[in-house]
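Enquirer:
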Amino acid sequence: MNNRLRELRDAKGWSQGELAAQLDVSRQTINALETGKYDPSLPLAFRIAKLFSCRIEDVFLPDPI
Numbered sequence: 116m117n118n119r120l121r122e123l124r125d126a127k128g129w130s131q132g133e134l135a136a137q138l139d140v141s142r143q144t145i146n147a148l149e150t151g152k153y154d155p156s157l158p159l160a161f162r163i164a165k166l167f168s169c170r171i172e173d174v175f176l177p178d179p180i
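Note that the sequence shown covers residues 116 to 180 in this note's numbering.
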């Protein structure tokens with residue numbers, strides 16, 4: 116799954132560690148999300164979207180069919 120997490124994080128001027136702290140996950144989790152090595156759980160996806168004041172589908176983009 117592709118995502119805009121790095122773009123959204125950069126726009127806020129946050130490091131991976133700062134974002135991780137706000138979401139109560141590890142910096143490694145943020146790195147794995149940004150590089151597409153990990154898809155978030157639904158609760159985490161909702162927390163991410165809420166933090167950036169957007170919808171889940173504005174952050175996470177489905178793979179093309």
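No residue lacks a Cβ here, since even glycine has one placed at the ideal position from N, Cα and C.
Is the beta carbon of residue 117 closer than 8 Å to that of residue 174?
Expert: Mapped onto the sequence shown, residue 174 falls at position 59. Mapped onto the sequence shown, residue 117 falls at position 2. In this structure, residue 117 does not lie closer than 8 Å to residue 174 by Cβ.
Enquirer: Thinking C-alpha only, which one of 136, 128, 125 and 126 is nearest residue 159?
Expert: Counting from one through the sequence shown, the residue named residue 159 turns up at place 44. The option with the nearest alpha carbon to residue 159 is 136.
Enquirer: Helix, strand or coil for residue 167 per DSSP?
Expert: Your numbering for residue 167 matches position 52 in the sequence shown. In this structure, residue 167 counts as coil in the three-state DSSP scheme.
Enquirer: In terms of DSSP beta bridges, what is residue 117 paired with?
Expert: Position 2 of the sequence shown holds residue 117. For residue 117, which the question treats as bridged, DSSP gives the partners 176.
Enquirer: What is the DSSP secondary structure of residue 152, reduced to helix, strand or coil?
Expert: Taking the first residue of the sequence shown as 1, we reach residue 152 at position 37. In this structure, residue 152 counts as coil in the three-state DSSP scheme.
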